[in-house]
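3 is the number of the first residue of the sequence shown in our numbering; add one for each residue after it. Think of the CB as a built atom: it goes at the ideal place given N, C-alpha and C, for glycine as much as any other residue. Remember, it's a predicted structure, so these values are computed and weren't measured experimentally. Have a look at the structure below, then the notes.
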Amino acid sequence: MESIHETLNPSGFGQQDEFTDWMRSAAAGFVGAKRLPDGTYCGVLPLIFTYAICLGVTYEAAYQKRFCYKDTPVCLHEYSKLASFNDEPKDWVARRPQVLEVIEENMASTTATNCQEKKHPAGTAVRFSESYLSMLAEKERRRYQGREGKIRGYRLQDDPKPRPIVFFEKFGRYKEEVFFEMPWTDIELVVQAVI
Numbered sequence: 003m004e005s006i007h008e009t010l011n012p013s014g015f016g017q018q019d020e021f022t023d024w025m026r027s028a029a030a031g032f033v034g035a036k037r038l039p040d041g042t043y044c045g046v047l048p049l050i051f052t053y054a055i056c057l058g059v060t061y062e063a064a065y066q067k068r069f070c071y072k073d074t075p076v077c078l079h080e081y082s083k084l085a086s087f088n089d090e091p092k093d094w095v096a097r098r099p100q101v102l103e104v105i106e107e108n109m110a111s112t113t114a115t116n117c118q119e120k121k122h123p124a125g126t127a128v129r130f131s132e133s134y135l136s137m138l139a140e141k142e143r144r145r146y147q148g149r150e151g152k153i154r155g156y157r158l159q160d161d162p163k164p165r166p167i168v169f170f171e172k173f174g175r176y177k178e179e180v181f182f183e184m185p186w187t188d189i190e191l192v193v194q195a196v197i
């Protein structure tokens with residue numbers, strides 16, 4: 003019978019590497035990490051009251067999909083079955099679909115009624131402000147210092163205010179394109195540095 007550690011961090015061919023080691027570090031905070039056969043990195047992330055399976059993880063600790071679970075055994079079982087980015091775990095209690103197609107669908111169905119969306123529309127080039135960078139860990143701060151991104155759009159989360167999606171193209175070793183979904187409270191920190 004597999005131990006919890008083996009389930010979280012399987013040692014099969016190609017499932018562990020330098021990046022999965024980093025995912026389990028204090029900087030990223032995952033309790034489990036593995037590389038799927040299609041090259042996607044996924045991991046289990048502890049939240050306040052739940053655990054979450056994250057798919058499409060990058061060095062920025064960003065992810066493309068997140069599935070939250072109330073029960074740890076269910077989370078581990080679904081995590082152990084994943085074989086590709088397109089696999090969808092079952093029995094989750096909350097989901098954050100952050101793949102590009104979903105973002106574009108949400109943007110198409112949402113009119114720019116919010117003043118921030120009118121002030122900083124999709125396509126606005128941005129850099130992280132020094133005040134925002136100062137809150138990041140040193141490694142992440144160096145990674146984003148002076149790097150240009152673009153607001154790809156906005157999408158609604160649990161609160162009624164849209165959050166900006168900031169994309170960085172051709173960034174990092176593992177992904178051609180990565181993005182951050184900035185918390186609403188941080189939007190001004192991002193757009194202070196509009197280019």
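Inter-residue CB distance, residue 9 and residue 82 (contact presumed, cutoff 8 Å): The sequence position of residue 9 within the sequence shown is 7, counting from 1. The sequence position of residue 82 within the sequence shown is 80, counting from 1. Taking a contact as a CB-CB distance under 8 Å, the pair residue 9 and residue 82 counts as one, their CB atoms being some 5 Å apart.
message: Excluding the 5 residues flanking residue 54 on each side, which residues of the same chain have their C-beta closer than 6 Å to its C-beta?
response: Along the sequence shown, one-based indexing puts residue 54 at 52. These residues qualify, in order along the chain: 47, 68, 70.
- prompt: By Cβ distance, which residues of its chain are closer than 6 Å to residue 270, with the 5 residues on each side in sequence left out?
  reply: Since the first residue shown for the chain is 3 and the last is 197, residue 270 is missing from the structure and cannot be characterised.
- prompt: Closest by CA to residue 40, which one among 12, 66, 86?
  reply: Mapped onto the sequence shown, residue 40 falls at position 38. Ranking the options by Cα distance to residue 40, first place goes to 86.
Cross-strand partners of residue 46 (DSSP beta bridge): Locating residue 46 in the sequence shown gives position 44, where the first residue counts as 1. According to DSSP, which records beta bridges pairwise, residue 46 is partnered with 34, 55.
query: From residue 12 to residue 18, what does the alpha carbon distance come to, in whole angstroms?
result: Taking the sequence shown and counting its residues from 1, the one referred to as residue 12 is at position 10. Taking the sequence shown and counting its residues from 1, the one referred to as residue 18 is at position 16. Each residue's Cα considered, the two are about 7 Å apart.
query: Nearest CA to the CA of residue 15: which residue from 95, 49, 28, 37?
result: Residue numbering aside, residue 15 sits at position 13 when the sequence shown is read from its first letter. Considering only 95, 49, 28, 37, the residue with the shortest C-alpha distance to residue 15 is 37.
field: First and last residue of the uninterrupted alpha helix (DSSP H) at residue 145
entry: Position 143 of the sequence shown, counted from the start, is the residue given in the question as residue 145. Element bounds for residue 145: 140 to 146.
task: Just the C-alpha distance for residue 150 and residue 141, rounded to the nearest angstrom, thanks.
output: Start at 1 with the first residue of the sequence shown, and residue 150 comes out as number 148. Start at 1 with the first residue of the sequence shown, and residue 141 comes out as number 139. Answer to the nearest angstrom: the Cα atoms are 17 Å apart.
task: With a 10 Å radius around its C-beta and 16 neighbouring C-beta atoms as the bar for buried, classify residue 20 as buried or exposed.
output: Start at 1 with the first residue of the sequence shown, and residue 20 comes out as number 18. Residue 20 should be labelled exposed.
- prompt: DSSP three-state call for residue 69: helix, strand or coil?
  reply: Position 67 of the sequence shown holds residue 69. Strand.
Given residue 96 as reference, the closest of 139, 126, 51, 75 once Cα atoms are compared: Here residue 96 corresponds to residue number 94 of the sequence shown, with the count starting at 1. Nearest C-alpha to residue 96: 51.
- prompt: Nearest-angstrom Cα distance between residue 100 and residue 127?
  reply: Translated into the one-based positions of the sequence shown, residue 100 becomes position 98. Translated into the one-based positions of the sequence shown, residue 127 becomes position 125. Residue confidence is low: residue 100 scores 43 on pLDDT, short of 50, so the model does not pin down where it sits. No coordinate-derived value is stated.
message: If I follow the unbroken alpha helix (DSSP H) through residue 83, where does it start and stop?
response: Position 81 of the sequence shown holds residue 83. 74 to 83 is the span of the alpha helix (DSSP H), which, as asked, contains residue 83.
- prompt: From which residue to which residue does the alpha helix (DSSP H) around residue 24 run?
  reply: Mapped onto the sequence shown, residue 24 falls at position 22. Start and end: 20 to 25.
- request: Might you give, ordered along the chain, the residues of its own chain that have their beta carbon closer than 7 Å to the beta carbon of residue 59, omitting 5 neighbours on each side?
  value: Within the sequence shown, numbered from 1, the residue matching residue 59 stands at position 57. Once the five neighbours on either side are set aside, the close Cβ partners of residue 59 are 25, 43, 44, 45, 65.
Element boundaries [alpha helix (DSSP H), containing residue 8]: Against the sequence shown, residue 8 aligns to sequence position 6. Segment 6 to 10, the alpha helix (DSSP H) holding residue 8.
field: Which listed residue (135, 143, 98, 34) has its alpha carbon closest to that of residue 74
entry: Numbered from its first residue, the sequence shown carries residue 74 at position 72. Comparing Cα positions, the closest option is 34.
Assigned exposure category for residue 49 - 16 Cβ within 10 Å defines buried: Numbered from 1 along the sequence shown, position 47 holds the residue referred to as residue 49. Counting Cβ neighbours within 10 Å, residue 49 comes out exposed, since fewer than 16 surround it.
- request: Determine the burial state of residue 30: buried for a count of at least 16 other Cβ atoms within 10 Å of its Cβ, exposed for fewer.
  value: Residue 30 sits at position 28 when you count from the first residue of the sequence shown. Under this definition residue 30 is a buried residue.
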